[in-house]
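Numbering (my numbering), first residue to last: 953 to 1196.
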């Protein structure tokens, strides 16, 4: 069961490549609440947007659903009839915790979880809302446009894609500054400098952020008619893209 405190990189003397395994799952909710700025607030913003785009008899899909926090929040506020909620992740450990949390919240009968590699398959066909919550940054850069195009094809007209993402600044002079501010945020959340450095090394070449504008251009090329940025905190961003 998850719920532990994230001290993975306090314990690890040797830095390993990042993987969403059981040791991460066991502390994941604590990790993201202390590592992702405005994590709860951006979840709420994503759900607020979803309410305005969801359509009856369609799907709400979370790609990279992790422990299902966002899907659970969505089900608490979306009252549109005949909605299927689908959580997709490639980590068996994550999905096990997602199922436990969803059952505990009372939404297990309305939620389907699928173990899948979204670079190879998208297990939905009629979505009005798709979430990608800090997921696109882990997709290999050469595959991102193809993936976003495939999402667009599976959205009904008027449907939306909501992306939360870590990014690079358009101006290199700000990148170091934003990273320093972010590291200060993490220190204030209880991480020490060694933990911060080890995690950054672990994620190197695994998580590859794009520039703010690159993501917007990618979504436009993928066929989305309207793209906007609804949130920004230094190098953390929220996008919404609407299918015409």
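Even for Gly, the Cβ is constructed at its ideal location relative to N, Cα and C.
Note that the coordinates shown come from a computational prediction; the quantities given were computed from them, not determined experimentally.
To the nearest angstrom, report how far apart residue i and residue j are at their CA atoms.
i            : j            : result
residue 903  : residue 1077 : This structure does not reach residue 903, given that the chain is present from 953 up to 1196, and the question cannot be answered.
residue 1196 : residue 1109 : 6 Å
residue 1088 : residue 986  : 20 Å
residue 953  : residue 1020 : Because the pLDDT of residue 953 is 48, which lies under 50, any placement of that residue in the model is unreliable, and the number read from its coordinates should be weighed accordingly. Their Cα atoms are separated by approximately 14 Å.
residue 919  : residue 1187 : Because the chain in this structure spans residues 953 to 1196, residue 919 falls outside the shown range and cannot be described.
residue 1191 : residue 1116 : 6 Å
residue 1137 : residue 961  : 17 Å
residue 1194 : residue 1107 : 9 Å
residue 1185 : residue 982  : 20 Å
residue 1067 : residue 1091 : 16 Å
residue 1180 : residue 1169 : 11 Å
residue 1163 : residue 1189 : 10 Å
residue 1040 : residue 1073 : 10 Å
residue 1008 : residue 1143 : 44 Å
residue 1118 : residue 1056 : 30 Å
Should residue i be labelled buried (16 or more other beta-carbon atoms within 10 Å of its own) or exposed?
i            : result
residue 1046 : buried
residue 1035 : buried
residue 1177 : exposed
residue 1140 : exposed
residue 1212 : The structure shown does not extend to residue 1212, since the chain is modelled only from 953 to 1196, so the question has no answer here.
residue 1149 : exposed
residue 1151 : buried
residue 1129 : exposed
residue 1104 : buried
residue 917  : Past the boundaries of the shown model lies residue 917; the chain is included only from 953 to 1196, so the question cannot be answered.
residue 1061 : exposed
residue 1157 : exposed
residue 988  : buried
residue 1016 : buried
residue 1276 : Outside the displayed range of the chain (953 to 1196) lies residue 1276, so it cannot be described from this structure.
residue 966  : Caution applies to residue 966, whose pLDDT of 49 falls short of 50 and renders its modelled position unreliable; the value that the coordinates give is listed next. The residue in question, residue 966, is exposed, as its Cβ has fewer than 16 Cβ neighbours within 10 Å.
With a threshold of 7 Å on Cβ separation, who are the neighbours of residue i within its own chain once the five nearest residues in sequence on each side are excluded?
i            : result
residue 1002 : 1012, 1026, 1030, 1081 and 1114
Leaving out five residues before and five after residue i in sequence, what residues of the same chain have Cβ atoms less than 8 Å from its Cβ?
i            : result
residue 1006 : 1012, 1030, 1032, 1035, 1080 and 1081
residue 1048 : 977
Apart from the five residues just before and just after residue i, which ones in its own chain have a Cβ nearer than 6 Å to its Cβ?
i           : result
residue 995 : 1022 and 1025
Return no unless some Cβ of chain B is closer than 7 Å to the Cβ of residue i.
i            : result
residue 1158 : Looking at the structure shown, chain B is missing, and only one protein chain is on hand.
Completely contained beta strand (DSSP E) runs for the stretch 998 to 1030, where each covers 3 or more residues: 1011 to 1015
Please confirm if the stretch 1120 to 1134 is in contact with the stretch 1083 to 1097, defined as three or more CB-CB distances below 8 Å between the two stretches. no
Inside the stretch 1030 to 1061 only - alpha helix (DSSP H) runs reaching at least 4 residues: 1044 to 1057
Starting from the N-terminal side, write out each stretch of the beta strand (DSSP E) that is 3 residues or longer and does not extend beyond the stretch 1098 to 1186. 1107 to 1118 and 1178 to 1185
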